[in-house]
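2 protein chains.
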Amino acid sequence: MTGDTQSGRRATPASRVTLDDVARRAGVSLATASRALGDHPHVAAATRARVREAAGELDYVASPEATRLAGGPTGRVAVLVPHPSRWFFGELIEGLESALRAADLDLVLFRVGGPEERAAFFDRLPARRKVDAVVVLAFAVDEAEHARLASLGVDVVVAGGRVASYPSVGIDDHGAGRQAVDHLIHLGHRRIGMIAVQDDGQLAPDPDGRRSAWRAALGDAGVEPADDLLVTVPWGGEGGADGMARLLGLRTPPTAVFAHDDETALGAVRTLRRAGLRVPEDLSVIGIDDHPLAALTDLTTVAQPVRDQGRRAGELVVAALRGELPERVPPAELLPTRLVLRGTTSPPGAPR
Amino acid sequence: MTGDTQSGRRATPASRVTLDDVARRAGVSLATASRALGDHPHVAAATRARVREAAGELDYVASPEATRLAGGPTGRVAVLVPHPSRWFFGELIEGLESALRAADLDLVLFRVGGPEERAAFFDRLPARRKVDAVVVLAFAVDEAEHARLASLGVDVVVAGGRVASYPSVGIDDHGAGRQAVDHLIHLGHRRIGMIAVQDDGQLAPDPDGRRSAWRAALGDAGVEPADDLLVTVPWGGEGGADGMARLLGLRTPPTAVFAHDDETALGAVRTLRRAGLRVPEDLSVIGIDDHPLAALTDLTTVAQPVRDQGRRAGELVVAALRGELPERVPPAELLPTRLVLRGTTSPPGAPR
Chain A
1 MTGDTQSGRR ATPASRVTLD DVARRAGVSL ATASRALGDH PHVAAATRAR
51 VREAAGELDY VASPEATRLA GGPTGRVAVL VPHPSRWFFG ELIEGLESAL
101 RAADLDLVLF RVGGPEERAA FFDRLPARRK VDAVVVLAFA VDEAEHARLA
151 SLGVDVVVAG GRVASYPSVG IDDHGAGRQA VDHLIHLGHR RIGMIAVQDD
201 GQLAPDPDGR RSAWRAALGD AGVEPADDLL VTVPWGGEGG ADGMARLLGL
251 RTPPTAVFAH DDETALGAVR TLRRAGLRVP EDLSVIGIDD HPLAALTDLT
301 TVAQPVRDQG RRAGELVVAA LRGELPERVP PAELLPTRLV LRGTTSPPGA
351 PR
Chain B
1 MTGDTQSGRR ATPASRVTLD DVARRAGVSL ATASRALGDH PHVAAATRAR
51 VREAAGELDY VASPEATRLA GGPTGRVAVL VPHPSRWFFG ELIEGLESAL
101 RAADLDLVLF RVGGPEERAA FFDRLPARRK VDAVVVLAFA VDEAEHARLA
151 SLGVDVVVAG GRVASYPSVG IDDHGAGRQA VDHLIHLGHR RIGMIAVQDD
201 GQLAPDPDGR RSAWRAALGD AGVEPADDLL VTVPWGGEGG ADGMARLLGL
251 RTPPTAVFAH DDETALGAVR TLRRAGLRVP EDLSVIGIDD HPLAALTDLT
301 TVAQPVRDQG RRAGELVVAA LRGELPERVP PAELLPTRLV LRGTTSPPGA
351 PR
């Protein structure tokens, strides 16, 4: 009888039950299930018990791959960063490093700027199994990349943006955009341009949040957002300079401009200076970030706490490795932004 | 007879011969000697033979520590960076990452901003033995830190500056300073101020190179460098703004200012704008770096190739790990700098 039962079990091969099934039944991520079964030291006792119970109920037999995945912690976290030399990413890295170091985790930096670099990273990662978790800095993760990360059994956290399937820390891009454009409207501007940046899949994952804020703020003020007042440029100062030139080439240029970020805004200011126009008397400019050079150049902006986003993301990594994160609905934290008034905005047609 | 000889050898215990003695006799670094005896795969055959010959001649018996040190490559390089969010360090990191990745080495980032963080890193490193090499980004290494690194048997490379005992890649700070101040002199300026930055042991390891350039350029022009024209401030835009204010408070302010770097220079420009002075008509300003925002703000500067310094340092790491670097006299590479003329310099008293 016992023999029959076991035989019967074999007729439904336990090898068909995957670690994914166990994770789903236990209500934890693949990564946590892997660690729980692998006696990883950082898994909470209750989580471990729940995963083992699920594995027992499903007659789960660990595959060699799952065993390898559970080979113990490396103490390392991979951080994928598109552009390490840009202020925004440098701040995220500083915040992350402090949180990971506090947990005695090492930060392994991988630059994944272009599509080839990203492909190379995702191709090599599984063969190496060198990290416990991956932090993605402000770029979108596509389906194939998502599948690779899932198969690795590593935890994934997003910093400086949002990818719905992962825990993330960012800002409310729409809300920040509203703070900027509403300020211009309160000053009396009605013809307000926007310099948006191309979504190359690597920058703010929600650039459209800023665009939609521009449209919504104008709409709420009873102004039709004219298509020719929205220009889209490559990220950075040169892009901002070009975008401003395009807006100045309109038959009726705007009296104020909302730029996607401070560096784009500073490019816009350069174009205005070269054109002999005064900021803010002839044209107001506002950005988003509070880049250190915004203070130096007296740029009005909406400040976002970038280093805090990195630090908080590092804390989420630590919590994830301990199996302490709710896994069905990954947390999506938004840190507050605030308007910083400086010298590049004023009412339209302010006296000279 | 044979027995006697062996006994005689024991009377001069081989354990007194250290790995350091072997390294010295073979004319290689401690790190290379460790790897050569440990069958590390990246050591050149000739180097390995030389080290083994030296070890044989000295009757060297590997200590447990040396054996541990030679425990095989980790494939990881520690990068010690004071301020990851500053443009200069971000550029170095980008260059380093590309060179290390090409050699399939991982970059482990450690922020070592203040003295405590540095002490914590150097205290923990030996116990962990997690990296094959250490790259120090633009800060001075003190004696105790040097001893720790030597005892670890890891290779050390300096990027963005120079520490005499290690291979390094940087710029000629004195030469770059001369390019800046000579430009002001060629324009006709004689009363030239300098905004220097405090040497907190973490920034450009040769700030004095820029100060000495200011003195030498003035001296060569037959001008006595007045002490009150040299002000020293904390690094950054706010420091530059304060430094410029101090120079404007002199009974006879300068007609031109050489700032330690572009961010300091941009702070100086802000002070001038706030004072209602025009740049360059009333006062010329020049920096060093060619920061991306220098182009946006039309700042005249001396460009340095920062990303190239990082990349080249990464290549030196790879060469060091292969035992291919001359070790008696570590290479100290200097990459070229060049004057970039923009809109913040002009002859003194230029017509309004």
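For the protein sequence lines, the chains are A and B, in the order given. The opening residue of the first sequence carries number 1 in the UniProt record's numbering; numbering runs sequentially from there. The opening residue of the second sequence carries number 1 in the UniProt record's numbering; numbering runs sequentially from there. C-beta atoms are modelled at their ideal positions from N, C-alpha and C, and glycine is treated no differently.
Contiguous beta strand (DSSP E) elements confined to the region 167–217 of chain B occur at 168–171, 192–197, taking only those with 3 or more residues. Non-local C-beta neighbours of A/P225 in its own chain, meaning closer than 6 angstroms and more than five positions away in sequence, comprise R215, L218, ordered along the chain.
Counting only runs of 4 or more residues that sit fully inside the region 269–306 of chain B, the alpha helix (DSSP H) segments are 292–296, in chain order. When A/R191, A/T32, A/A33 are compared, the shortest CA-CA separation from A/V257 is found for A/R191. The DSSP-derived three-state label of A/A319 is helix. Taking one beta carbon from each stretch, the region 286–301 of chain A and the region 171–180 of chain A have 3 or more pairs nearer than 8 angstroms; the two touch. Judged by DSSP in its simplified three-state form, B/V22 adopts helix. Identification of chain B residues near A/I93 by a Cβ-Cβ cut-off of 8 angstroms yields P84, S85, L109, ordered along the chain.
Contact annotation: the region 87–96 of chain B touches the region 81–89 of chain A, with at least three C-beta pairs closer than 8 angstroms.
Distance from the CA atom of A/R25 to the CA atom of A/A54, rounded to whole angstroms, is 6 angstroms. Counted as a single uninterrupted DSSP element, the alpha helix (DSSP H) harbouring B/L96 occupies residues 87–102. Following the DSSP letters along the chain, one finds B/T232 inside the beta strand (DSSP E) bounded by residues 230–233. Listed along the chain, the chain B residues whose CB falls inside 8 angstroms of the CB of A/G267 are L296. Counting the other CB atoms within 10 Å of its CB gives B/L341 a total below 16, which places it among the exposed residues. Annotated three-state conformation of A/R328 is coil, per DSSP. Within the same chain, Cβ atoms closer than 7 angstroms to the Cβ of B/K130 are found at T74, R76, the five residues on either side in sequence being excluded. Residues of the region 171–205 of chain B with a Cβ closer than 7 angstroms to any Cβ of chain A: none. With the rule of 3 Cβ pairs closer than 8 angstroms, the region 105–114 of chain A does not count as touching the region 168–177 of chain A. Residue contact with chain A for B/D106: present (Cβ-Cβ distance below 7 angstroms to some residue of chain A).
Around the C-beta of B/P326, fewer than 16 other C-beta atoms lie within 10 Å, and the residue is accordingly described as exposed.
Legend: CB atoms of the region 272–293 of chain B lying less than 7 angstroms from CB atoms of chain A belong to residues P292, L293. For B/L184, the closest of B/V28, B/A259, B/G310 by C-alpha to C-alpha distance is B/A259. Membership of B/D242 in the alpha helix (DSSP H) is indicated by the continuous run 237–248. Restricting attention to A/V306, A/I288, A/A78, A/V329, the CA atom closest to the CA of A/G209 is found in A/I288.
By the criterion of at least three beta-carbon pairs nearer than 8 angstroms, the region 265–274 of chain A is not in contact with the region 312–329 of chain A. Residues are counted here when their Cβ sits less than 9 angstroms from a Cβ of chain A; for the region 235–251 of chain B these are G236, G237, E238, G240, A241, given in chain order.
Contact between B/V141 and B/V157 is ruled out by a C-beta separation of about 11 angstroms, above the 8 angstroms threshold.
Assignment of B/A226 by DSSP, reduced to helix, strand and coil, places it in the coil class. Contact note: B/R270 reaches chain A through A295, L296, T297, D298, using a C-beta cutoff of 9 angstroms and chain order. Counting along the chain, B/A49 sits inside the alpha helix (DSSP H) bounded by residues 45–57. Contact with chain B is absent for A/E116, since none of that chain's Cβ atoms lies less than 7 angstroms from the residue's Cβ. Under the Cβ criterion of 7 angstroms, B/G349 is not counted among the residues facing chain A. Contact annotation: B/L137 and B/L107 have beta-carbon atoms that are not nearer than 7 angstroms. Not flagged as an interface residue toward chain B: A/G160, since no C-beta distance is shorter than 7 angstroms. B/E97 reaches chain A at P84, L109, F110, R111, counting residues in chain order whose Cβ is nearer than 8 angstroms. For B/R162, there is no enclosing alpha helix (DSSP H), since its DSSP letter is neither H nor E.
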